[in-house]
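Residue numbers (my numbering), protein chains in the order written: chain S, 118 to 530; chain R, 118 to 530. Ideal Cβ positions, reconstructed from N, Cα and C, are used throughout, including at glycine. Reviewing the structure listed below.
There are 2 protein chains.
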Amino acid sequence: MTQSRPAPTQAHEHLDLPRGFRCFVTAAGLREHGPDVSLLAAEDTENASSAAVFTQSLFAGPSVRVSREALSGGAGRALVTVAKNANVATGQVGLDNARELQQLAAGVAGLDAEQVFVASTGVIGRRYPMDLLRSAFDAMADDGGVGATTEADAVAVAEAMMTTDTHPKTAEAQVAGSDARVVGIAKGVGMVEPNMATMIAAICTDAQVPAEELDEVFRRVVDRTFNALSVDTDTSTSDSAVILASGAAGPVPADAFEDAVAAVCLDLTRQLARDGEGATKLLTVSVTAARDDAQAKRVAKAVLNSPLVKTAVHGADPNWGRVAMAIGKLGVEGGPDQDIDPEKVRIVFGDLETYPTFAGEAELERLTQIMSAESVEIRVELGIDNSGEGGTATVYGCDLTREYIAINADYTT
Amino acid sequence: MTQSRPAPTQAHEHLDLPRGFRCFVTAAGLREHGPDVSLLAAEDTENASSAAVFTQSLFAGPSVRVSREALSGGAGRALVTVAKNANVATGQVGLDNARELQQLAAGVAGLDAEQVFVASTGVIGRRYPMDLLRSAFDAMADDGGVGATTEADAVAVAEAMMTTDTHPKTAEAQVAGSDARVVGIAKGVGMVEPNMATMIAAICTDAQVPAEELDEVFRRVVDRTFNALSVDTDTSTSDSAVILASGAAGPVPADAFEDAVAAVCLDLTRQLARDGEGATKLLTVSVTAARDDAQAKRVAKAVLNSPLVKTAVHGADPNWGRVAMAIGKLGVEGGPDQDIDPEKVRIVFGDLETYPTFAGEAELERLTQIMSAESVEIRVELGIDNSGEGGTATVYGCDLTREYIAINADYTT
Chain S
118 MTQSRPAPTQ AHEHLDLPRG FRCFVTAAGL REHGPDVSLL AAEDTENASS
168 AAVFTQSLFA GPSVRVSREA LSGGAGRALV TVAKNANVAT GQVGLDNARE
218 LQQLAAGVAG LDAEQVFVAS TGVIGRRYPM DLLRSAFDAM ADDGGVGATT
268 EADAVAVAEA MMTTDTHPKT AEAQVAGSDA RVVGIAKGVG MVEPNMATMI
318 AAICTDAQVP AEELDEVFRR VVDRTFNALS VDTDTSTSDS AVILASGAAG
368 PVPADAFEDA VAAVCLDLTR QLARDGEGAT KLLTVSVTAA RDDAQAKRVA
418 KAVLNSPLVK TAVHGADPNW GRVAMAIGKL GVEGGPDQDI DPEKVRIVFG
468 DLETYPTFAG EAELERLTQI MSAESVEIRV ELGIDNSGEG GTATVYGCDL
518 TREYIAINAD YTT
Chain R
118 MTQSRPAPTQ AHEHLDLPRG FRCFVTAAGL REHGPDVSLL AAEDTENASS
168 AAVFTQSLFA GPSVRVSREA LSGGAGRALV TVAKNANVAT GQVGLDNARE
218 LQQLAAGVAG LDAEQVFVAS TGVIGRRYPM DLLRSAFDAM ADDGGVGATT
268 EADAVAVAEA MMTTDTHPKT AEAQVAGSDA RVVGIAKGVG MVEPNMATMI
318 AAICTDAQVP AEELDEVFRR VVDRTFNALS VDTDTSTSDS AVILASGAAG
368 PVPADAFEDA VAAVCLDLTR QLARDGEGAT KLLTVSVTAA RDDAQAKRVA
418 KAVLNSPLVK TAVHGADPNW GRVAMAIGKL GVEGGPDQDI DPEKVRIVFG
468 DLETYPTFAG EAELERLTQI MSAESVEIRV ELGIDNSGEG GTATVYGCDL
518 TREYIAINAD YTT
């Protein structure tokens, strides 16, 4: 139904934003080269609406704090992003700076400050270079100033969001039964294990969707896409996912709209996983026949996040026993997963069962082959609810490589 | 009071076992070179006792299963270990093999099978090469057969336990006010995040301690030592810690005994952390002023296990913001740590406060210096209970390096 692009590394050269959107991109000088500030804005009509979810980190920064204010009642119409500096753990000065940024962006977009979401990622504990940012917005306001652009191009916005991302991440889908589109933009390849929120993602649509309905749809979709993503178990202080609806295409069929949003978010999720810091492979773990979806997700995340599973996938080492180990970790005293019975569990790599009936040496070569692919899928059947109505979850991550260490051992220096 | 050796990489060349102990070590051929099977046995007198804790993994193997049987009432008198093969996820055959191993060891030690603990680590999902093991115990029974030894040397036992360990790990302490000693032996540098249990550790003492008291002492000590250790968040299916008391030295002062056991276990814990797979540094995280000890441990583990903190420590990158990020992760909805207030938190590296009063660029050089040391200590004051009676925890781990990836990307091939 939807025209999503499931390939995880799909690269657009240019991708038109939906009707009713403008964007501004500029190189403020936070990065050595390239754009580092973006502003994405929907026309402020009575048909526009928005929704958003944010990190649950206790150390959530001023960006998230001022964005939460913009969230209420679907009032948000624009998103401003800053790369390379998270503006987190920066005290009162950091909060003041976030509010000024909101105002600067609102000035350019012709909105009120409280209509602007702010998303910022990069080093924690450093203040914004406000002089650079003020100059950048002056240039944007002039429209045509150094480095500024107003082409309605999602790829340009994606590029301006990148930190350690190796390529800009965008996705699109048509809403079936209408001429409305959904366009998604995302960044974030390290410090990624969103928890009821996500890294930075901006979803734009010209569909007209009431704010309350938009919020419900977005939360359902985020839970099965961005919240099913983990690069390294480290939850960012800056995770933000925003959906802006301009309404320019008018009302759309509700199911088709959710399908389109889901397709775009899943596509972005797979792109983020595949581009995880240092990653060479996309790792997908699916769990079925669980007591409920929450249990399925715990098991799937335990496998996805095990450094020993991740390194085995990296080396295509047919060490399937590590998946059993990772599931076994959930046996902790007083935990909710005591009903997992190793005798009922089935572990499958691709289409090869490795537990309980794995024959041993003879099939190791085939397992090595399966694990050598660019995309490795591990399936775990828990055998707790075999009715077909059992809990399920699919989660997305990547292998763990020397390159991850190299990127992160000297990130700030 | 105790003569423990706190240096984490203390290497003994020879370390006498306490009175009343014998050991047998042999090269059965599971490893390419060197010893791989050990048997450590206390004399079966009426003054002897034992206690043990095991992994909580749902996939706990036959070794743990038969050892749990040996545990009841402090009946265990010996520990047999096998290296390079965990005998886990091996079905009924694996359980039968574990029972045969128990019997073979009992035959050599002159004990009943149910007096023998079994501990086995290595690849998961492969069966024991029973022919090799049978031959090895035949040789041991002959005492003096190929590769067998009965020198009462803790280092020889530690060597036979090693898998990816780079050196044998032993520790000793005198029980103050007595002539009893406590000698500890441990292995395990990957798949290490014990949970109310541990990797393989064997503690021997000639003190006479009733089984029930021994069990209480050991659980208290393990909780603050081995259970405060994490190399890579992956909990082994084979974790076992055993304490054997021969009683040969007679009764001892209770507090001094616990001090000695604690000193030995802490020493081993630091050795294991420092020798974590690929590690170049010991990382210690202490948390104070928490609501309770459990909260302190959650916070400490979140920091210790963050791959971004671990890689920053590896590269001596003064990116202290990642510690704030790691604490922030505990903010998950419905979680128990919503009372952590970033405004009250204090983060200290060595003796340098980095939050909230870190001055910025000026002190980055000093922070880099602190993080360049072989041992890095991070202290977090939560500021929730400042009465001096607040919860505390100290946990032990290591940095995350390219070498960890290299070791684990092709472990079985």
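Endpoints, alpha helix (DSSP H) assigned at residue i
| i | result |
| --- | --- |
| R485 of chain R | A quick correction: the sequence has Thr, not Arg, at residue 485 of chain R. 478-489 is the extent of the alpha helix (DSSP H) around T485 of chain R. |
| L249 of chain R | 247-259 |
| V426 of chain S | 424-432 |
Simplified DSSP state of residue i, which is helix, strand or coil
| i | result |
| --- | --- |
| T166 of chain R | According to the sequence displayed, residue 166 of chain R carries Ser and not Thr. Of the three classes helix, strand and coil, the one that applies to S166 of chain R here is strand, per DSSP. |
| E130 of chain R | coil |
| Q325 of chain R | strand |
| A396 of chain R | coil |
| N204 of chain R | coil |
| Q173 of chain S | coil |
| A375 of chain S | In the sequence on display, residue 375 of chain S carries Glu and not Ala. Residue state, collapsed to three classes: helix. |
| I360 of chain R | strand |
| D502 of chain S | coil |
| V235 of chain R | strand |
| A275 of chain R | helix |
| V225 of chain R | helix |
| R83 of chain S | Any answer about residue 83 of chain S is impossible in this case: the structure gives chain S only from 118 up to 530. |
| T511 of chain R | strand |
| D527 of chain S | coil |
| L346 of chain S | strand |
| T386 of chain S | helix |
| G191 of chain S | helix |
| E149 of chain R | coil |
| A293 of chain R | coil |
Contacts around residue i, its chain only, beta-carbon distance under 8 Å, and the 5 residues preceding and following it disregarded
| i | result |
| --- | --- |
| D282 of chain S | K304, G305, V306, D392 |
| R185 of chain R | F171 |
Spatial neighbours of residue i in its chain, beta-carbon cut-off 6 Å, leaving aside the 5 residues before and after
| i | result |
| --- | --- |
| T509 of chain S | T405, A413 |
| G227 of chain S | none |
| L249 of chain R | A145, G146 |
| L188 of chain R | A169 |
| C382 of chain R | V338, T342 |
| G137 of chain S | A159, E160, D323, S363, A365 |
| S492 of chain S | L399 |
| A319 of chain R | L157, L196, I302, V359 |
| K446 of chain S | A419 |
| E217 of chain R | none |
| R251 of chain S | none |
7 Å CB neighbourhood of residue i in its chain, flanking five on each side removed
| i | result |
| --- | --- |
| E520 of chain R | G395 |
| R496 of chain R | S403, V465 |
| A200 of chain R | L147, R148, D153, T238, G239, A277, M278, M279, T280 |
| G261 of chain R | Low confidence applies here, because G261 of chain R scores a pLDDT of 47, under 50, leaving its location unreliable; read the following figure in that light. None. |
| V263 of chain R | The predicted position of V263 of chain R is uncertain, since its pLDDT is 40 and thus under 50; a value taken from the coordinates is nonetheless stated next. These residues qualify, in order along the chain: A256. |
| P368 of chain S | Q325 |
| S489 of chain R | A433 |
Range covered by the beta strand (DSSP E) that runs through residue i
| i | result |
| --- | --- |
| R496 of chain R | 492-498 |
| S184 of chain R | Where S184 of chain R is concerned, there is no enclosing beta strand (DSSP E), although the alpha helix (DSSP H) it sits in stretches over 179-188. |
| V306 of chain S | Counting along the chain, V306 of chain S falls outside any beta strand (DSSP E), and DSSP gives it neither H nor E. |
| R139 of chain R | 138-143 |
| V240 of chain S | Premise fails: V240 of chain S is in no beta strand (DSSP E) and is neither H nor E. |
| A158 of chain R | 154-159 |
| T81 of chain S | Outside the shown range of chain S (118 to 530) lies residue 81 of chain S, about which nothing can therefore be said. |
| A365 of chain S | Where A365 of chain S is concerned, there is no enclosing beta strand (DSSP E), given that its DSSP letter is neither H nor E. |
| E268 of chain S | That residue, E268 of chain S, is in no beta strand (DSSP E); it is neither H nor E in DSSP. |
message: I want to know whether the segment 166-178 of chain R touches the segment 441-458 of chain S - three or more CB-CB distances under 8 Å.
response: yes
- request: Mind listing, in chain order, the continuous alpha helix (DSSP H) runs of no fewer than 4 residues lying wholly within the segment 434-481 of chain S?
  value: 438-445
Touch test, the segment 327-335 of chain S against the segment 155-164 of chain S, Cβ-Cβ under 8 Å, three pairs minimum: no
query: Taking one C-beta from the segment 475-491 of chain R and one from the segment 349-363 of chain R each time, how about it: are there three or more such pairs within less than 8 Å?
result: no
- prompt: So does the segment 369-388 of chain R actually touch the segment 292-303 of chain R, counting three or more Cβ pairs closer than 8 Å?
  reply: yes
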